[in-house]
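Numbering (the working numbering) for the sequence shown: 540 to 938.
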Amino acid sequence: MEKRVYTVSDLTREIKQVLESSFPRLWVEGEISNLKRHSSGHLYFTLKDSNSQLNCAMWRFRVGQLLFQPQDGMKVLVEGDVQVYERGGYYQLIVNQIQPAGIGDLQLAFEQLKKKLHAEGLFDESHKKRLPQFPERIGVVTSPTGAAIRDIVSVVSRRFPGVQLIINPVRVQGETAKEEIAQAIREFNEYGKVDVLIVGRGGGSLEDLWAFNEEVVARAIFDSKIPVISAVGHEIDYSISDFVADRRAPTPSAAAEMVVPNRKELMGNLAYFREKLKNTLKQQIDTQREKILNFRRSYGFRRPEDIVFQKIQLLDELGRKITLTLSHRLAVKTQTVQNLKNQIRALNPSAVLQRGYSICYKDGKVVRDVNQVNALDMVQIKLARGYFLSQVQMIGENE
540 MEKRVYTVSD
550 LTREIKQVLE
560 SSFPRLWVEG
570 EISNLKRHSS
580 GHLYFTLKDS
590 NSQLNCAMWR
600 FRVGQLLFQP
610 QDGMKVLVEG
620 DVQVYERGGY
630 YQLIVNQIQP
640 AGIGDLQLAF
650 EQLKKKLHAE
660 GLFDESHKKR
670 LPQFPERIGV
680 VTSPTGAAIR
690 DIVSVVSRRF
700 PGVQLIINPV
710 RVQGETAKEE
720 IAQAIREFNE
730 YGKVDVLIVG
740 RGGGSLEDLW
750 AFNEEVVARA
760 IFDSKIPVIS
770 AVGHEIDYSI
780 SDFVADRRAP
790 TPSAAAEMVV
800 PNRKELMGNL
810 AYFREKLKNT
820 LKQQIDTQRE
830 KILNFRRSYG
840 FRRPEDIVFQ
850 KIQLLDELGR
860 KITLTLSHRL
870 AVKTQTVQNL
880 KNQIRALNPS
890 AVLQRGYSIC
900 YKDGKVVRDV
910 NQVNALDMVQ
920 IKLARGYFLS
930 QVQMIGENE
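Structure follows, in structure tokens:
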């Protein structure tokens, strides 16, 4: 029996035919590992479980259709075709789509983008802008034919007629919706003549509302210099736009109520404050009128000349008291000065000599004690007028 011998290429080619025909498009569940993003845009990774692993490749045009970012360690369901790579002699799975295992791809994409934008600070309260209290022009980014625009027009017309609504019509779902919404927001900012923006649509499924969970829309809202109200018609769940916007409204109608005041309430408040101001002014006028009447009834108002005469008398009395006080003080000071002059005069040596006293000197020194002289000493006697020399004849003590 002749042996059948295969070349490597022949065997590989037959294996390729068997595998690729036996396993048409199929789903495989596993965990992503060794994820690599090639510069060409293709995605390469290994899909593994506890016992085996499978090489996978996803071409760039398929990668661009993903709503979320695959990551190592993520459990997924992949759909693709088995392919034998002849040059390398191994098989791999050419992946057409990837779905998260246990969670929808939309929900995963939502959580990934939410985490990313939160980390960048796009949700921070410090970036939120205040809504104008009395807007004159309101920009609306929504479908021109949906219920949202009808609700907004109805509410604004009812609550505050006269406010101008400027609509930039866009698709709110579908492939082009995200770019149209983002561009409309940018155009309003370039236009610059609106006070606030309402961006939203009526209710729908998660897929219907998905345009408002797109990163390009979120960044357009964040970059807007005009305050933005996100009004995606979903009462319970939040969209990415809700987190980034300056205010979130559960419905377009609620957004309209949020952005314009109620004219009837304002008129009622104005009437209330007008009446309150009127009563306050009346009370103040009545108080001042009573003060004037009391003043007119007072004695001073009725007899003003008496008040003047009383003040004149008081001034005269004060003048007399001042004159007497000054005269008395002057007399006292004059007497004090005279007493001091008399004391000084009494202590003057010349005055003492005038009263008959004399001063005795010996050798130019005043003699105050008999012990300073001896018998036969010559002394000088000074009188009030002149002096003479005398010789001491006898010395004695006072009795």
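Cβ atoms here follow ideal geometry from the backbone N, Cα and C, with glycine treated the same way.
Short check: CB of residue i to CB of residue j, under 8 angstroms?
i: Leu616; j: Ala648; result: no
i: Leu670; j: Arg786; result: yes
i: Gln712; j: Asp663; result: no
i: Arg698; j: Glu796; result: yes
i: Val709; j: Ser682; result: yes
i: Asn752; j: Ser769; result: no
i: Val771; j: Ser780; result: yes
i: Pro800; j: Lys668; result: no
i: Ala757; j: Leu656; result: yes
i: Val755; j: Glu719; result: no
i: Ala687; j: Ala716; result: no
i: Val909; j: Glu936; result: yes
i: Gly685; j: Gly741; result: yes
i: Arg836; j: Pro700; result: no
Spatial neighbours of residue i within its chain, please: C-beta separation below 8 angstroms, excluding the five flanking residues on both sides.
i: Leu928; result: Met917, Val918, Gln919, Ile920
i: Ser548; result: Glu625
Give the DSSP bridge partners of residue i, in chain order.
i: Val905; result: Tyr900
i: Arg740; result: Val771
i: Asp620; result: Ile633
i: Gly569; result: Val615
i: Asn707; result: Val680
i: Val918; result: Ser929
i: Met597; result: Leu582
i: Gln592; result: Lys587
i: Lys555; result: Partner(s): none; Lys555 has no beta bridge.
For residue i, which residues from the same chain have a beta carbon less than 6 angstroms from its beta carbon, with the 5 sequence-adjacent residues on both sides left out?
i: Lys614; result: Glu570, Ala640
i: Phe761; result: Leu661, Val783
i: Gln893; result: Ala923
i: Leu588; result: The question names Leu, yet the displayed sequence has Asp at residue 588. For Asp588, where only same-chain residues beyond five positions count, the Cβ hits under 6 angstroms are Gly569.
i: Gln592; result: Thr585
i: Arg939; result: Only positions 540 to 938 of the chain appear in this structure, which leaves residue 939 out of reach.
i: Gly925; result: none
Does the ligand GDP have a heavy atom nearer than 7 angstroms to the CB of residue i?
i: Leu745; result: Looking for the ligand GDP in the displayed structure turns up nothing, as the structure carries no ligands at all.
Take residue i and list the residues in its own chain whose beta-carbon comes closer than 7 angstroms to its own, dropping the five residues that flank it on each side.
i: Gln646; result: none
i: Asp611; result: Ile571, Ser572, Leu574
i: Asp900; result: The question names Asp, but residue 900 is Tyr in the sequence shown. Counting only Cβ-Cβ distances below 7 angstroms, and skipping sequence neighbours, we find Val906, Val918, Gln919, Lys921.
i: Gln608; result: Gln651
i: Arg813; result: none
i: Asn635; result: Arg601, Glu618, Gly619
i: Val621; result: Leu558, Glu559, Phe562, Tyr630, Leu632
How do the region 672 to 683 and the region 697 to 712 stand: do at least 3 beta-carbon pairs fall below 8 angstroms, yes or no?
A contact exists between the region 672 to 683 and the region 697 to 712.
Using 8 angstroms as the Cβ pair cut-off and three pairs as the minimum, do the region 616 to 631 and the region 554 to 571 touch?
Contact holds between the region 616 to 631 and the region 554 to 571, because three or more Cβ pairs, one in each stretch, are under 8 angstroms apart.
Which runs of the alpha helix (DSSP H) spanning at least 4 residues fall entirely within the region 859 to 897, listed in chain order?
Entirely contained in the region 859 to 897, the alpha helix (DSSP H) runs reaching 4 residues are, in chain order, 888 to 893.
Taking 8 angstroms as the threshold, find out whether the region 787 to 798 comes into contact with the region 727 to 737 through three or more Cβ pairs.
Contact holds: three or more Cβ-Cβ distances are below 8 angstroms.
Should the region 718 to 731 be regarded as contacting the region 685 to 697, the criterion being three or more beta carbon pairs within less than 8 angstroms?
The region 718 to 731 makes no contact with the region 685 to 697; the number of CB pairs closer than 8 angstroms stays below 3.
Segments of 4+ residues assigned as alpha helix (DSSP H) that fall wholly inside the region 793 to 841:
The region 793 to 841 is shown to contain whole alpha helix (DSSP H) runs of 4 or more residues at 802 to 836, 838 to 841, in chain order.
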